[in-house]
Every structure is written in C-alpha cells, then in structure tokens.
Amino acid sequence: MKTSSYGFVKRLLIPLVGLITVSFAQSQTVSFTFKDYLTLPRSRNLHNISGMDYIRERQEWQLAGDRGQYFLFRNIHQLTDWVCEPDSSFQTGLFLEAVRYDAASDTYFFAVENDTESYVGFKQHAIPRPGESFERVPLPRAMPLPATNKGIEALAVTSQYLWVAPEAGSRDEASVDSALIHFYRYKKVNGSVVFDAEFSYGIDRNICPVDANEALGGVSEMISIPGDENRLLVLERCYEKTTKTVTAKLYEAQVDEANRKLIKRKDKPAFDFNGRNGFRPDNVEAMAWGEDEDGKKILVVISDDNTGKNQWTQIILLEMQPN
Numbered sequence: 001m002k003t004s005s006y007g008f009v010k011r012l013l014i015p016l017v018g019l020i021t022v023s024f025a026q027s028q029t030v031s032f033t034f035k036d037y038l039t040l041p042r043s044r045n046l047h048n049i050s051g052m053d054y055i056r057e058r059q060e061w062q063l064a065g066d067r068g069q070y071f072l073f074r075n076i077h078q079l080t081d082w083v084c085e086p087d088s089s090f091q092t093g094l095f096l097e098a099v100r101y102d103a104a105s106d107t108y109f110f111a112v113e114n115d116t117e118s119y120v121g122f123k124q125h126a127i128p129r130p131g132e133s134f135e136r137v138p139l140p141r142a143m144p145l146p147a148t149n150k151g152i153e154a155l156a157v158t159s160q161y162l163w164v165a166p167e168a169g170s171r172d173e174a175s176v177d178s179a180l181i182h183f184y185r186y187k188k189v190n191g192s193v194v195f196d197a198e199f200s201y202g203i204d205r206n207i208c209p210v211d212a213n214e215a216l217g218g219v220s221e222m223i224s225i226p227g228d229e230n231r232l233l234v235l236e237r238c239y240e241k242t243t244k245t246v247t248a249k250l251y252e253a254q255v256d257e258a259n260r261k262l263i264k265r266k267d268k269p270a271f272d273f274n275g276r277n278g279f280r281p282d283n284v285e286a287m288a289w290g291e292d293e294d295g296k297k298i299l300v301v302i303s304d305d306n307t308g309k310n311q312w313t314q315i316i317l318l319e320m321q322p323n
C-alpha cells in the first residue's frame with residue numbers, strides 16, 4: 001500500500017467554493033502536478049467507486065458505487081484516513097456512475113447506468129433510497145445500448161448550470177469514425193433544470209484499439225472549476241482488458257457560447273496520468289475538489305476497481321499549479 005510521502009493533507013476537507021480568487025477564475029489555463037496517492041487494500045472493502053462529491057455544510061465526502069452502494073466520510077483530515085471505515089453506508093438500489101450536489105438548491109444529481117438504460121436523475125435533500133421517487137432529466141439524444149456500457153458517466157454543476165456528458169457520445173455518435181460528441185447543458189431553475197443547449201466536444205478515439213468497445217474512448221468524469229462558468233475539466237480514460245492497463249488524461253475545456261463548442265486543449269492536457277515512475281493509474285472515474293494544509297488547490301481522484309483481482313481502489317491527489 002502506498003502512503004503519503006509528502007506529509008498529511010490536513011485540510012483536505014476545505015472546499016474551493018468561495019475561496020478561489022478572481023484572477024484564478026479568469027486565468028487562461030489550468031494544470032496540475034502529481035502530489036500523492038494511496039492504494040487501498042482489498043480488505044478495506046471500498047469497491048466500484050464511480051462518483052464522488054464533497055458537501056461543505058456537513059464536511060462530508062460522499063462516494064457512489066456502480067453496484068448501488070453509497071459511502072459517507074466525515075473525518076478525512078489526511079490521505080491515510082481513507083483507509084478507515086466510512087461513517088455510514090447504505091444501498092441506493094441504483095447503479096450510480098456520477099453524483100453531484102448543488103448546495104444552492106439542496107439537490108442531488110446522479111447518473112445511472114443499468115442493464116436496461118442510462119439516465120440522469122435528481123432529488124432534493126438526499127440521495128434516494130430503494131423505493132423512493134425522484135425526477136429525471138430529459139436527455140436530448142438517445143444513449144448507446146446498455147450492452148456497450150457507454151452511457152452517461154459525467155456530471156458537473158456550476159452556479160447556473162448542470163452539465164451532462166455521455167461516455168462515448170449519444171447512440172448516433174458512438175462510433176470510432178465520429179470525432180465529435182455532444183455535452184448537454186441545463187439551466188437551474190427553481191429546484192429543477194431546463195435543457196439549455198448542446199456543445200460539441202472532440203473526444204479521443206482509438207486510444208485502446210485492442211479492445212473493440214474501448215476503441216470508442218470515454219469521458220469518465222468531469223468537474224466545474226469553482227467560480228468559473230466558462231471552463232470544465234474533463235477526464236478521458238480507457239481500460240485495456242487484454243493488457244490490464246489504463247490510459248487517462250485530464251483536459252481543460254473552454255466554453256465557446258457563440259459556436260456551441262467546448263474547446264479542448266488537446267495539445268497540452270491539464271494532467272497526464274501515464275508515464276510516471278512508480279505510479280500506474282487504475283480505472284479513474286470520480287473527482288472532487290479539496291485543499292491541502294498550505295491552501296493549495298487539490299483535485300481528489302478515485303478509481304473504480306470493478307471488484308477485480310487485477311484492479312485497485314486508488315485515491316490520487318493532484319495539486320493545482322499557479323498560472
């Protein structure tokens with residue numbers, strides 16, 4: 001098990017909302033350096049993590065699993081605290097791929113992908129338990145068939161909007177010959193959301209060509225930059241089953257309102273997870289913001305181990321760099 005070689009992350013719980021300066025929000029580029037990581041032992045029993053968010057009011061990290069499990073942590077003060085048992089856990093009955101909490105409306109947004117469909121739901125005050133009702137976000141395009149496992153994987157919340165991204169594009173876009181997919185933006189209105197616009201996004205295809213399904217590439221998560229309505233961070237990743245390797249990059253995407261595009265800095269990723277001595281990324285799928293003991297911005301990334309013998313749950317810390 002890898003433990004922190006950089007010291008404790010004493011203030012990981014402090015969120016970024018409200019703490020980021022105007023100069024950061026207006027900066028031209030975002031980049032990260034690798035700070036630290038921890039690989040959890042299998043006995044830790046934290047598996048299949050596909051979504052994560054942090055709720056400031058409760059000082060609570062919420063982790064969602066794609067087999068229905070949900071974990072709550074309230075005492076994460078340093079990296080090794082993730083080895084401890086969660087403060088609570090429960091079953092949702094939903095195969096969750098992403099979760100985002102909107103504090104302004106006290107609303108949980110979540111992406112679901114099961115054997116029959118993929119969709120986005122939302123509920124005020126709490127994640128739904130089995131049998132509880134919730135509302136759905138209308139999608140402008142049909143998602144790929146469930147057998148492809150390429151439905152909705154990524155959500156982002158800003159002060160004004162909810163962003164939704166399919167893993168490999170809509171049903172008519174999910175092809176190795178299609179260089180563009182579309183993200184969907186919704187305006188937050190009175191505790192609900194209303195479809196606002198589609199934005200094209202240039203996805204990396206054929207990054208894992210040996211696996212026919214993974215040749216489509218995939219957006220496994222995205223997150224908003226707090227205080228900035230005009231940029232998103234998009235995590236693209238593929239898992240090569242034959243070689244059991246993960247290829248993953250984090251990109252900055254600028255919103256182009258006039259042309260309804262997300263302009264991706266493909267030539268210079270905000271962070272490349274591969275090619276680092278002593279570190280091999282696993283199936284990275286969840287992201288949330290934090291801050292370290294020195295007040296530097298930290299992006300926390302967690303991998304989905306798929307309860308596999310050759311995969312692991314990793315907690316990865318990326319440090320925001322000054323521009």
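Mapping of the sequence shown onto full-length UniProt numbering: position 291 corresponds to residue 291, and the numbering continues sequentially without gaps.
Using N, Cα and C, we set each Cβ at its ideal position, and we do this for glycine too.
Since the model is a prediction, treat every value here as computed from it, not as a measurement.
Check: Expected contact under 8 Å - CB spacing of L235 and L250 to nearest Å; Outcome: 5 Å
Check: Continuous beta strand (DSSP E) assignments of at least 3 residues falling wholly in the segment 62-100; Outcome: 69-73 and 88-91
Check: Residue closest to L162, alpha-carbon to alpha-carbon, out of N283, I127, E85 and V120; Outcome: V120
Check: Residues bridged to Q314 [DSSP beta-bridge criterion]; Outcome: T39
Check: Within 8 Å, strictly: CB atoms of F73 and F279; Outcome: no
Check: Inter-residue Cα distance where the pair is D294 and Q78; Outcome: 13 Å
Check: Assigned secondary structure, T307 (DSSP; H/G/I helix, E/B strand, else coil); Outcome: coil
Check: CB-CB length for F199 against F183, believed under 8 Å; Outcome: 5 Å
Check: Candidates G290, Y186 and V157: closest to P138 by CA position; Outcome: Y186
Check: Best match in R171, I223 and R260 for proximity to D53 [C-alpha to C-alpha]; Outcome: I223
Check: Uninterrupted beta strand (DSSP E) stretches inside the segment 104-188 (no shorter than 3 residues); Outcome: 107-113, 118-124, 135-137, 152-157 and 161-166
Check: Where D172 falls, given that 16 or more other Cβ within 10 Å makes a residue buried; Outcome: exposed
Check: Where A288 falls: helix, strand or coil (DSSP); Outcome: strand
Check: Sheet register partners of L216 (DSSP bridge); Outcome: BP columns for L216 are empty, so no partner.
Check: Boundaries of the beta strand (DSSP E) in which R44 is found, first to last residue; Outcome: First-last for R44: undefined, no H or E at that position.
Check: E240 and D211 closer than 8 Å at C-beta; Outcome: yes
Check: Within the segment 242-305, ranges of the beta strand (DSSP E) (whole runs, at least 3 residues); Outcome: 245-256, 261-264, 284-291 and 297-303
Check: Whole-number beta carbon distance between L94 and residue 324, since they are thought to touch under 8 Å; Outcome: The displayed coordinates of the chain run from 1 to 323. Any statement about residue 324 would go beyond what the structure contains.
Check: Beta-carbon proximity list for H47, same chain, < 6 Å, skipping 5 on both sides; Outcome: D305 and T307
Check: Sub-8 Å separation of F271 and V284 beta-carbons; Outcome: no
Check: Pairwise C-alpha distance: P128 and F90; Outcome: 11 Å
Check: Residues that E319 bridges to, as DSSP identifies them; Outcome: T33 and I298
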